[in-house]
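Residue numbers (the numbering used here): 5 to 229.
Working notes, beginning with the structure itself.
Shown next as structure tokens:
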């Protein structure tokens, strides 16, 4: 297919094997359809994002719906709040930015100032305590981890919307937080969400690749200029 003409072997294998393994593991562990669909959409979203493809946001929005449902069912109200009131606006900003700043069908990687990076980090250090106390009012499970998840997710989404490769540092950190967040229900015998933890593991691999690929794209785009 013409769409896959600029895909390398790793990208094709990652997508095909990732989807296949997700389906197999979901069947073996009798995971819910929703958890399987969440992993499938987020694997696709993550790979397209690492390639700098604006259509990644389509899968991102669909995946958010599935993740919101799963988070609510586990009383991870922090995850639900971030999706509704924080992540969605930042993702909309990202869609606009990516569509306005692309070369052919790939985004142009941006360089942001140290001041912007510092202010973004400082804002989330301060906001962590606000997230914590708000989530405490909702009796959120795993309060500290959920608060960290909000911080990491927002920083990743923000730097991603700014088209900076820094976003992948926080995607990787959030993958680690996500593994910690979802391992507890599994340890408590809730096998129906087993495939959800498989997602962060696959995303962790992809996000490491994203660091490499965005730096490669940035270097290539700089050389062209």
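Backbone N, C-alpha and C define an ideal beta-carbon position, used for all residues, glycine too.
Would residue i and residue j be called neighbours here (beta carbons separated by less than 9 Å)?
i	j	result
residue 212	residue 169	no
residue 97	residue 165	yes
residue 143	residue 81	yes
residue 207	residue 73	no
residue 95	residue 65	yes
residue 147	residue 85	no
residue 50	residue 216	no
residue 171	residue 185	no
residue 230	residue 221	What the structure shows of the chain is the stretch from 5 to 229, and residue 230 is not part of that stretch, so it cannot be assessed.
residue 21	residue 44	no
residue 42	residue 71	yes
residue 29	residue 202	yes
residue 91	residue 161	yes
Look up residue i in the DSSP assignment and give the residues it is bridged to.
i	result
residue 110	107
Going by C-alpha to C-alpha distance, which of the options sits closest to residue i?
i	options	result
residue 182	150, 109, 173	150
residue 10	55, 39, 208	55
residue 52	171, 28, 37, 19	19
residue 16	210, 218, 90	210
residue 204	106, 39, 93, 14	39
residue 173	119, 218, 108, 103	218
residue 118	108, 87, 163	163
residue 78	145, 93, 191, 161	145
Please confirm whether residue i has its beta-carbon closer than 9 Å to some beta-carbon of chain D.
i	result
residue 208	Reference to chain D is not applicable here, since this structure consists of a single protein chain.
Taking the straight line between their C-alpha atoms, what separation do you get for residue i and residue j?
i	j	result
residue 48	residue 226	27 Å
residue 178	residue 59	22 Å
residue 137	residue 187	23 Å
residue 7	residue 57	11 Å
residue 223	residue 32	43 Å
residue 100	residue 106	11 Å
residue 167	residue 26	29 Å
residue 122	residue 34	44 Å
residue 133	residue 89	17 Å
residue 14	residue 108	22 Å
residue 180	residue 191	17 Å
residue 103	residue 93	16 Å
residue 214	residue 87	23 Å
residue 120	residue 135	22 Å
### Query
Would you call the segment 123 to 130 and the segment 151 to 162 touching, i.e. three or more CB-CB distances under 8 Å?
yes
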